[in-house]
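When we follow our numbering, the leftmost residue of the sequence shown carries the number 709, and every step to the right adds one. Beta carbons: idealized from backbone N, C-alpha and C, even for Gly. Since the model is a prediction, treat every value here as computed from it, not as a measurement.
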Amino acid sequence: MTGLTGWQGHAGDESASGVLIGEMAGCLIRAEHEQHLRDKIRKFASSGGALAVVPTHNHGTLAVKGPVQAAVSGIVRWQDRDLATIAKSDNDAAALIEGYRRHDVEVFTLMQGPWSAALTDQEKGEAVIAIDRTGINSLSYAVGPGGSFIFSTVTDAVRLFPGLETTISPQSVYNYLYYFVVPSPTSIYDQMRKLEPAQYVKFSNGRAETGFYWSMPYTTETSGNPKEWKDALWALLDKSFEKVLGDTDRAHLGAFLSGGLDSSTVAGLLKKHNGDGKTFTIGFHESRYDESGYARLVAEHFHTDHHEYFMEPGDVEKVMAQIADIYDEPYGNHSAVAAYYCAKMARDSGVTTLLAGDGGDEIFAGNERYVMMKKIEKYAVIPAPFRKFFMEPILALPGMQHIPVVSKARSLARRYATPMPERLYSYSFIAGVEPLDIFRPECREGLDVEMPLNLIRQTYHRHENTQMLQRMMHMDMQITLADNDLRKVNQMCRLAGVDVHYPFLEDELVEFAASIPVDVMLPGYKLRDFFKYAMKGFLPDQTLTKEKHGFGLPFMVWIHQDRKLNDLVTDNVSDFKSRGYLENDFLDEVIASCSRPDDPGAGLAWDLAMLEMWLKTHY
């Protein structure tokens, strides 16, 4: 998927700018199999700015019209006839220049598909950048010395700009540890920011101002006829899938298959619309984590050419350094390892493009915590005075916690007392740690322990006139999907050498999902009830009734069973001591947790190890 990079402002004469933009564009080429793309870089350089894009499969264009330059990376489906004509006769970048002249930032509402875009105006000294609606593509940016504006798909390229200082503060480390990824709009570097889904930045007069050109059009309706919504869903699923297939090489197509609802649906649609296709599953010898049987069932149901790979601890050790290297920011989700081996298996089988089911949970209410939060809200049905003056004093009496039904009621009351969306993150390991106890004294000053929660509060409350389920889904579209899952799958496919597409994230399908009333989407406490109803007769019954899982990695088992993996993780945690952020006693406790079965601290050890490996490579 490569990307784009550039700047608006002075960085030297035209010759120096040409060298610099070439070096920045080189940062976009990250995997071994991408090296041949160095000869295909398209770039523009002048004393007042520069742009570059690395095209793949004819996607990635650059245009220069007088003092204005533009670059577009990814796939754009223009929703304006005139601009579509320009894109066809010239290219997407030329269409962007004309569209921006006519519509200013509203031009981005006319661009569907997975894309990132940048436009610079040498005459006005202005620039604008934006990414697609669901954050499949990404862009980082910074305001640099002399009022310059630097941007790129990867942070490494931004760092090359002369005179731009880049530091990693304790705050950035804390944000990463809280989420085990770096949440947008923050960056691991204090001087940079990242675009959120459907966000743009307009740079003028030395200032960068952000805005959103689109937001999820959630309905205010609460009820509807499930049969009518089912029929409409199927029409759009088929339409979306045909769009995706139109952007791929159908002869070398495959799909991730975990055996869950979304990947199984994608596998079935692949068979329905392509006639054939390969499916790929990761299995584990640890039965508690292994879902390969469900995936095999789906593959047999749709008669796909099915492939499996059973991972072992040694597989993790082999690829940890490569994973740390390919990311432009630290990434701590260890399921990335499984995603890599699945994509590698596909590449080794001759597949050049994989289809992934990511996004289904976030647009069709598939996360288990949606049901959990809905159950907790039942507590509000009890009148507040009765709760406060009668129920809660009784529940607080000594010994009451030993009565099962009372214990459950106490837990419900305690969780209800935590407001949304903080309640969603009250279960994480790092959320239960006092930050001022784990950071060294010199790192505590200025540490905003509320920042990670403030980020989710901002996203959660952006749609104030919506219902709780819709706000949770919208929050997860950024925090869970764009910041985490899409970064995982994008980069692991890149490392393995395959392209990836997300059928559930086609724009029309996403907007349709937002129009489904919440009582149709999630009636009562039945997780994915509507989607399961819509898939009945298409997916195997066992798929519709199985518990939710995914490509989870048995890391908590392997860290105790495999000495080499344990040493690799704990050695890197030990090395992190020299960075000077966290107390050594705390890090020693994290290391010790890797020797205690089921200790949640081992999960934090992975996050810290990946952070240290990333720092060794990038900083």
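*Could you tell me the distance, in whole angstroms, from the CA atom of F1018 to the CA atom of G932?*
44 angstroms
*asked:* Let's test the definition: count the other Cβ atoms within 10 Å of the Cβ of K1083 and tell me whether it reaches 16, buried, or not, exposed.
replied: exposed
*Quick one: what does DSSP say E994 is sitting in, helix, strand or coil?*
coil
*Assuming A739 and L1163 make a contact with CB atoms under 8 angstroms, what is their CB distance in whole Å?*
Not a contact, Cβ separation roughly 30 angstroms.
*Would you mind reading off the limits of the beta strand (DSSP E) that contains W823?*
823–829
*Report the three-state DSSP secondary structure of Y887 (helix, strand or coil).*
helix
*Could you round the C-beta distance between F1147 and E1291 to whole angstroms and report it? I think they count as a contact, below 8 angstroms.*
7 angstroms
*Going by C-alpha distance, which of E1130, H718, K979 is nearest L1328?*
With the chain covering 709 to 1327 only, the question about residue 1328 has no answer from this structure.
*asked:* Whole angstroms are fine: how far does the CA of M1159 sit from the CA of Q1269?
replied: 37 angstroms
*With DSSP as the reference, please indicate the residues paired to R750 in a beta bridge.*
V761
*Taking the continuous alpha helix (DSSP H) assigned at A1073, which residues delimit it?*
Neither: A1073 is in no alpha helix (DSSP H) and is coded neither H nor E.
*Buried or exposed: which applies to S972, given that a residue is buried once 16 or more other Cβ atoms fall within 10 Å of its Cβ?*
buried
_Using only the alpha-carbon positions, how far apart do I876 and D1249 sit?_
50 angstroms
*asked:* I'd like the ranges of any alpha helix (DSSP H) spanning at least 4 consecutive residues and lying wholly in the stretch 965–1026.
replied: 969–982, 1000–1010
*Check whether the Cβ atoms of A826 and F869 lie closer than 9 angstroms to each other.*
no
*Taking C-beta to C-beta, are G1068 and L969 nearer than 9 angstroms?*
yes
*asked:* What does the alpha-carbon distance come out to for the pair I749 and R1131?
replied: 47 angstroms
*Since L728 and A719 are thought to touch, with beta carbons under 8 angstroms apart, how far apart are those beta carbons, to the nearest angstrom?*
6 angstroms
*Beta carbon of M1243 nearer than 9 angstroms to that of Y1078*: no
*Tell me whether L1217 sits in a helix, a strand or coil according to DSSP, three-state version.*
helix
*Cβ neighbour criterion (16 or more within 10 Å) applied to H1042*: buried
_Span separating the alpha-carbon of E1020 from that of V1045_ = 11 angstroms
*Indicate whether at least one CB of chain D lies closer than 9 angstroms to the CB of G720.*
The chain inventory of the structure shown lacks chain D, comprising one protein chain alone.
*With burial defined as no fewer than 16 other Cβ atoms inside 10 Å of the residue's Cβ, what is the status of R867: buried or exposed?*
buried
*asked:* Please report the straight-line C-alpha distance between L1217 and Y926, rounded to a whole angstrom.
replied: 13 angstroms
*Does the separation of the CB atoms of Q830 and V776 fall below 9 angstroms?*
yes
_What would DSSP say about H767, mapped onto helix, strand or coil?_
strand
*For Y1210 versus P822, is the C-beta spacing smaller than 9 angstroms?*
yes
*Taking F1296 as the reference, give the member of A1310, D1306, P1305 with the closest Cα.*
Rather than Phe, the amino acid found at residue 1296 in this sequence is Asp. Of the candidates A1310, D1306, P1305, the one whose C-alpha sits nearest the C-alpha of D1296 is A1310.
*Could you spell out the range, first to last residue, of the beta strand (DSSP E) harbouring V851?*
848–851
_I'd like the list of long-range same chain contacts for D939, defined as Cβ closer than 6 angstroms, with 5 residues on each side in sequence excluded._
none
*In the DSSP assignment, find the alpha helix (DSSP H) that holds R1152 and state where it starts and stops.*
1149–1152
*Label R1304 either buried or exposed according to how many other C-beta atoms from any shown protein chain fall within 10 Å of its C-beta, with 16 as the threshold for buried.*
exposed
*Identified DSSP bridge partners for A779*: L770, A826
*asked:* To test your reading of the DSSP string, which unbroken beta strand (DSSP E) runs of 3 or more residues are found completely within the stretch 872–940?
replied: 907–912, 915–920
*asked:* I need the boundaries of the beta strand (DSSP E) containing K857, first residue and last residue.
replied: Here the sequence assigns Phe to residue 857, which means Lys is not the residue at that position. First-last of the beta strand (DSSP E) with F857: 857–860.
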